[in-house]
Every structure is written in structure tokens, then in C-alpha cells.
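Single-structure report; data block below.
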Amino acid sequence: MAASSHRIMLGPLVAAIDQGTSSTRFLVFNSKTAELLSHHQVEIKQSFPKEGWVEEDPKEILQSVYECIERTCEKLTQLNIDISNIKAIGVTNQRETTLVWDKETGEPLYNAIGFLDWTDFLQCFCAVWLDLRTQSTVERLINKTPGRNKNHLKHKTGLPISTYFSAVKLRWLMDNVDKVHEAVVSHRAMFGTVDSWLIWCLTGGKSGGVHCTDVTNASRTMLFNIHTMDWDPELCKYDSSLVGQMCFKDGQAKNTYGTGCFLLRNTGAKPVMSDHGLLTTVAYKLGRDKPACYALEGSVAIAGAVVRWLQDNLGIIGSSEELEKLAASVGTSYGCYFVPAFSGLYAPYWEPSARGIICGLTQFTNKSHLAFAALEAVCFQTREILDAMNQDSGIPLTQLQVDGGMTSNRLLMQLQADILCIPVVKPSMPETTALGAAMAAGAAEGVSVWSLNPEDLSEVTSEKFEPQINPEESEFRYARWKKAVEKSMNWETTEPVCNGETSIFSSVPLGFYIMGSMLMLIGAKYISGQCLYTYI
């Protein structure tokens, strides 16, 4: 190819693997300007073997990474950009999703268990983050704690005991999957989150692959002590987008709008324990000898996933763009409120028994009002987390930085500003999560092609959405939302009825009623037959 002899030299390049619940991407940035040069994306499948179970195929995840790298490099070559100038690759990934594989064969031992993503249903040999199969395990663990306290481990982990985190998924795999149990006993099993699996495979796999993770992923396993910054023997027995958004200062916050929502607030070098349902997590640690920076985090299970639910399950929209148009056509939910608690409620409630509801319906309500209510639901859930953060920190946030795929919805961003009553700031380059991973990789010891000093960072252009409604109206709508949330609580139970078999006779009065009705029907038929016979 003639053009290959005139390759463009742009200075050091840094790449990022962005492995999410519904897709994988590979992106390449110019380390001097933070410009995104090229990328490629591959969607991933999901499967739901049982209600509340979510799985993804680790081999498919790995293959999607290979494909994204290959296609991106092809695009760079077509642009005459020298791919040999890529100096480092960072990894940002779906957290909490749990994998176990055999270190001798390199084969996954089960599907990945993790996040219940209503956008695509991933067939995985890992445990995805919203998977609910571990609820009974969580309840047993909580019942063993003094006072049945779900926050019993929070002083070490910063986390409540929940189905959300990796440790209980690993426990389930060990208890329920023979291959996993056998591999653990014979010391062949390797456990990790998605980053660990990818790095192990990409660095050699069974032929000497590196088995590692970083402190941000480790802090979400419920096995890591966030104070000592190490795995905790007692616990074993019993976040990159902040960098991309330049949230290096104590008090800065950002919200990522993807399948779910993840709102993090930088709390500096000291972990802040939440009294209002938030997680204390490690935000980043930029070097072996550098101090860790902590954050308060609130997680919303269903955000962008509600768009796909409206599209695939209800069929009222054909695309995410259509949702914005539908909602904008009415400009109000007309008193309709939608709580998308498909798998329970996460922060700040941590209530797995909650289920989704739509309330406030009238004969006037139509699909456009429901579309508006769906967008409002994302904003209301973010408001709940932001209120909790303000209470924990004692300092109200004055603006919110945002990123993620849903930020392209301008109506959503305006609604968010209106409901929060503070400005919402969206960067012009939305790939800040991948950018953060690339920046951290480029700044790593031995690479040092990307400076993280504030004076050296490129200024990122952004768009600001100012509140356009009065605070009284915002508070009224928020109060109605809170009322709807209360209605969604305590809907589901994991307690079995009659050894797990539901029977109409499990209720004695109901049993008598049904038996009596059956006898009456038989008697009526008999009498009817007699009368008919006499008449004839």
C-alpha cells in the first residue's frame, strides 16, 4: 500500500479497552491533545437462564476485544497513522461481574454472573452485576451478623452485604457448580472480574498470563480492605471515569449514564463512610507509591436499559432517538410516574424486594407521557443519590458533570438540570470513561507519555444545561416520585411456599372456597342433566 510509506506521526498514542455490559470498544487517543483518533465497537449477547439470572460468555467477551483491536488498527492504518506508536493500553470494564476459569486449560468454568442488563441479554461464563441468584446467599450472610446488619462489613469494605458484589457470586459458584468446586479444591481455579480475565488472556493466558486487577475493581469484590489497600484474610474467610472527567479535586462529582447510572463524588485521600445508603469505594490510585483517592458512589440499576425495555418489551418506540421525540412532543408525564425497579432498587435503598411500577395513569395517559416518565425516572434516581451525597458530605454540589451514551439525549440533560436545580455539564467528547483509562495507562510508571498535572491537561470543551423550572415545581414532582418508590417496595420475597411449590390449597379458606365452587358446579351439571332428561 503506497500510503504506508507516508505515515502520520502524531506523537505517543494511548489506547483503551472499554468492556461494558452490552458492548466492547477499543479506542485510540493522542496523548498530547486527548483527541480520539479512531475506535471500533462490537455488541455482546446476553442470556437469562432463569428469572433474575444474567450471564455472559467470557470467550465471546475476549473475542470481541480481539475484533475491536483489529478493526481499530485497520482504520488507523487507512488514516496513515502508525499503530506501532501505541505505547500503552488501559482497561475500563463492567465491575462486579464475576468469572472463574481453569489456569491449566485456560477455559472458563461457568458463565460470567453479573449485571442484569435489559438492553441485551448476554450469554456469559461469568456472573454479571445485576444477577439476583445470590439473594438467598446474601440473606444467610446477613442473618449470621450481629443484629442482622447488612452493613456489618462496611467498616472494612465500604460496601453493604448485597447481591451486587463479586464475593457472594463467587460463593454461589463454589456451592452450585461442580467444575468450580473441583478446580478450587485442586488449586486450578482463577477468580477475577472482567479486567482480570482480559489481562490474563492478553498477556499469555495459560502460558504465563498475568493474573491481576487494580484497586478500584478489587474494592468492589467485598474481599478488599479499602483502608489497608489489600485483600483481607478475614473477609476472604467470612474508578476510571473520574480521571477522564478531570475530577481530581475533593468535592467534584460526575454521573455516567449507561445501562445503569453511576454517580461518584471525589472525597479525597480519606474514605468517607456513608450514613445514607451510598458506597465508599476507591476512585483511583495513579501509581504504586501514590496515595489512593476515594469516592462516594451511588448506583442506579436501570437507566439506559429502560429505553431498550420500552423498545423491545412494549414496542412503543423503535429507537432511543424516537424516545426523545415522543417525550418532547408532550413535555410532561401528565402525573404518570415510572419506577423501573426491574431487579430491585440499588442506592440509596438497597432493596431487592422492590419491583417496577407505573402509577398515576388516567384515560388521558398515552405512550408519549410514558416516554417522558421514563426519562424523568433516570433523573429522579440521580437526584436521590445526589441528595444522599450532599447529606454525607455536608457540602451541596453546585454542578454535576456527566458522560455516557444517554447524554446525547438533550431533553434528558435538561430534565436532569431541572430536577437537580443545579447546572449539568456535558463534555463535547463523551468518551470520558475510556479516556480516563487511557490517561491512567499513559501516565503509568515506565510509560510516562501522558502528564496528569492539571496545568498540562488539555481543556475539554463542554455544554452546560441550566435549570429552567422553579425549585417549587421540582420539589413537587420529586415528592410524587418518592411516593411512587414507596409503592414499589416489598413486592417480592425469596421465601418458598410449600417447599417451593405454589398451590391454590396453601390457603385453607381459599381451598375451601375452590372445593365448594367445584362441588356446586358438579351439582349444577347433575341437576341440569336430570332436568334435561325429564324434559325430553
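Residue 536 is where the sequence shown ends in UniProt numbering, and the numbering goes up by one at each step.
Glycine included, every Cβ here is placed at the ideal spot set by N, Cα and C.
Sequence-distant residues of its chain with Cβ nearer than 8 Å to Glu-466 (five each side left out): Ala-417 and Pro-423
N- and C-terminal bounds of the alpha helix (DSSP H) containing Ile-199: 194-202
Close Cβ partners of Arg-188 (< 6 Å) along its chain, the five nearest in sequence each way excluded: Asp-102, Lys-103 and Glu-104
Proximity below 9 Å, CB of Gly-298 to CB of Leu-345: No, they are not a contact pair.
N-terminal and C-terminal residue of the beta strand (DSSP E) that Phe-476 is part of: No beta strand (DSSP E) holds Phe-476; the alpha helix (DSSP H) holding it covers 471-488.
Extent of the continuous beta strand (DSSP E) run through Ser-38: 36-43
Per-residue burial, Pro-160 [other beta carbons within 10 Å of its own, 16 or more giving buried]: buried
Where the beta strand (DSSP E) containing Asn-255 begins and where it ends: 253-257
From Tyr-337, Cys-359, Asp-392 and Glu-234, residue whose alpha carbon lies closest to that of Ala-295: Asp-392
Three-state secondary structure assigned by DSSP to Arg-265: In this structure, DSSP gives Arg-265 an extended state, which the three-state scheme calls strand.
Close Cβ partners of Gln-311 (< 6 Å) along its chain, the five nearest in sequence each way excluded: Ile-317
Own chain residues within Cβ distance below 6 Å of Leu-141, not counting five before or after: Ile-161
Spatial distance of Pro-108 from Tyr-337 (CA atoms): If you take the alpha carbons of Pro-108 and Tyr-337, they lie about 42 Å apart.
Glu-297 - DSSP class collapsed to helix/strand/coil: strand
Where the beta strand (DSSP E) containing Lys-426 begins and where it ends: For Lys-426, the enclosing beta strand (DSSP E) stretches over residues 424-427.
9 Å Cβ cutoff, Cys-379 in contact with chain D: Looking for chain D here will not work: only one protein chain is present.
Exposure label - Met-273; buried when at least 16 CB within 10 Å: exposed
Environment of Ser-319 [buried if 16+ CB atoms lie within 10 Å]: With fewer than 16 other Cβ atoms within 10 Å, it is exposed.
The alpha helix (DSSP H) enclosing Asp-275, as first and last residue numbers: From DSSP, Asp-275 is part of no alpha helix (DSSP H); its letter is neither H nor E.
Met-190 - DSSP class collapsed to helix/strand/coil: It is a strand residue.
The stretch 35-48 in contact with the stretch 84-95 per 3-pair CB rule at 8 Å: no
Best match in Leu-10, Pro-340, Ala-328 and Gly-204 for proximity to Asn-80 [C-alpha to C-alpha]: Leu-10
Boundaries (first-last residue) of the beta strand (DSSP E) holding Val-402: 400-403
Residue closest to Phe-26, alpha-carbon to alpha-carbon, out of Thr-398, Gly-360 and Ala-15: Ala-15
Pick from Gly-442, Leu-435 and Ala-444 that is closest to Asp-18, judged by C-alpha positions: Leu-435
Given 8 Å, three or more beta-carbon pairs between the stretch 252-260 and the stretch 403-418: yes
Member of Cys-236, Cys-212 and Met-190 whose CA lies at the smallest distance from the CA of Val-168: Cys-236
Cβ-based neighbour list, Ile-13, same chain, cut-off 6 Å, excluding 5 preceding and 5 following: In the sequence as presented, Ile is not what sits at residue 13; that position holds Leu. Counting only Cβ-Cβ distances below 6 Å, and skipping sequence neighbours, we find Val-28, Asn-85 and Ile-86.
Glu-74 versus Gly-304: straight-line alpha-carbon distance, rounded: 31 Å
C-beta atoms of Glu-376 and Ser-343 nearer than 9 Å: no
Distance, Val-194 Cα to Lys-206 Cα: 17 Å
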